[in-house]
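50 is the number of the first residue of the sequence shown in the numbering used here; add one for each residue after it. The C-beta atom is built at its ideal place from N, Cα and C for all residues, glycine as well. Notes follow the structure.
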Amino acid sequence: EYLQEMNRKVLSKYDLLTVGETPSVTVSEAKKYANKEGTELNMVFQFEHTDGAANSKAVIGKWTKTPPELPYIRGILNKWQTGLEGSAWGSLYWDNHDQPRAVSRFGNDDPKWRVLSAKMLASVLHLMKGTPYIYQGEEIGMTNLPFHSLEDCADIEEINAYHQYVEEHHLVDSKTLLACFSTVARDNARSPMQWDETENAGFTDGKPWYRVNPNYKEINVEAALQDPDSIFYYYQKLIRLRHREKIVVYGRFVPLLEESEDIYAYRREYEGQTLLVAANWTAREVACTLFDQEEGKELISNYKDHQKGILQPYEARAVLEP
């Protein structure tokens, strides 16, 4: 009732975009908050795929060293995609200021796979239905931080966890908990933006509020802009697709290969068109026959060459079928 009153008396009188942070909200509740009639908000942020991932295979509390598995993440995202269909509008995101870096959490930040897996994650998310959000640094593939000691921690959540679990109750050793911090701590998303390879990653010539990721000389905006095959330019391609192809914005979302341990696949349907999207979530080749007919127009892929019947490591493809 409060949101409806605010909408009537304030929000509806201006050309505004309204988004609600709604932790623990269900799909049915989100339909009320972000209903297509626009009586409350335009869209909501759900946190199920991020909060749930933080607690999967935890060492203690929320702290884990293990990345979330594809079936778990896919199940949550597919539920929200199909659940809001025709009733409400959703938001799309991998990370934010309270979540670890996307490529480290859901992809693979090993230098061999960082760029490919970051592009794969971008493809999966940006070709879904909803409004995509890009957190600063995501568009250049910024990664999580190394944690070597308690002195590396700035977030009170980490400091309290260290005192409680390591020093007071001796429930876990320091090395293990610090490894968990490198996986899911909020500090990972709060390091300064990496602009170039100069001191403090070009963010400031003073003392930054928090330490800079030591990989800033390799991963920074300046380097990304000089590389035509960078993650940054791949994001630009995805944004252009959303502006150009109505099926990306309005198409109905249909899950595919829901039993697969390795492939995230779905199709979008709009006015007789079909957009087929498939992504290999792993660092190895996996069998996939979705594109074997070799028909249609490829809209985007993070590989230049493809193999019939196979998705290469972290390969993502989107094909507009005739």
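Helix, strand or coil at residue i [DSSP, three-state]
| i | result |
| --- | --- |
| M242 | coil |
| K161 | coil |
| Y283 | helix |
| A137 | strand |
| V68 | strand |
| L170 | helix |
| V368 | strand |
Residue i, buried or exposed, once every other Cβ within 10 Å from all chains shown has been counted against 16
| i | result |
| --- | --- |
| I208 | exposed |
| S231 | buried |
| V59 | exposed |
| H98 | buried |
| D222 | exposed |
| Y63 | exposed |
| A336 | exposed |
| G300 | buried |
| E54 | exposed |
| S198 | exposed |
| D354 | exposed |
| L324 | buried |
| Q275 | exposed |
| T331 | buried |
| P117 | buried |
| E294 | buried |
| G255 | exposed |
| R150 | buried |
| G135 | exposed |
Inter-residue spacing [alpha-carbon to alpha-carbon] between residue i and residue j
| i | j | result |
| --- | --- | --- |
| V303 | D100 | 24 Å |
| G359 | E344 | Here residue 359 turns out to be Ile, not Gly, going by the sequence shown. In a straight line, the C-alpha of I359 is about 16 Å away from that of E344. |
| P371 | E206 | 52 Å |
| H175 | T247 | 32 Å |
| N329 | A365 | 6 Å |
| Q3 | L287 | Given a span of 50 to 371 for the chain in the structure shown, any question on residue 3 remains unanswerable. |
| Y182 | V297 | 15 Å |
| I349 | Q361 | 15 Å |
| Q130 | T67 | 19 Å |
| E318 | V173 | 16 Å |
| N193 | R163 | 12 Å |
| T113 | K106 | 6 Å |
| Q356 | F340 | 10 Å |
| S279 | I189 | 7 Å |
| F252 | Q322 | 45 Å |
| A250 | K266 | 7 Å |
| R291 | T338 | 26 Å |
| L305 | W143 | 21 Å |
| I268 | L52 | 42 Å |
| P195 | V76 | 36 Å |
Nearest neighbour of residue i, chosen from the options [CA to CA]
| i | options | result |
| --- | --- | --- |
| E308 | V298, W138, V173 and Y121 | Y121 |
| K85 | T115, F94 and L133 | L133 |
| M242 | W258, C229 and L227 | W258 |
| L170 | K161, K178, D159 and E187 | E187 |
| A13 | T131, V173 and A238 | In this structure the chain extends from 50 to 371, so residue 13 is not present and cannot be described. |
| E50 | C229, L90 and T75 | L90 |
| R333 | E310, K256, K346 and E347 | E310 |
| V108 | L220, D144 and Q285 | L220 |
| K80 | W138, G251 and A167 | W138 |
| G87 | F94, F96 and L65 | L65 |
| G124 | N157, Y313 and F155 | Y313 |
| S73 | E200, R57 and F94 | F94 |
| Q148 | A327, D236, S136 and V270 | D236 |
| L227 | R316, V152 and Y211 | Y211 |
| S140 | G69, S153 and Q185 | G69 |
| E71 | Y214, N56 and F96 | According to the sequence shown, residue 71 is Thr rather than Glu. The option with the nearest alpha carbon to T71 is F96. |
| R260 | Y214, E347, A272 and D201 | D201 |
Proximity test, residue i beta-carbon vs the ligand MN heavy atom, cut-off 7 Å
| i | result |
| --- | --- |
| Y319 | As presented, the structure is devoid of all ligands, the ligand MN included, so that no description of it is given. |
_Going residue by residue through the region 215-278, where are the continuous beta strand (DSSP E) segments of at least 3 residues, counting only ones entirely within it?_
none
*What runs of the beta strand (DSSP E), each 3 residues or longer, lie entirely inside the region 289-366?*
301-305, 312-319, 322-329 and 346-350
*Mind pulling the beta strand (DSSP E) runs of 3 or more residues that sit fully within the region 71-142?*
92-94
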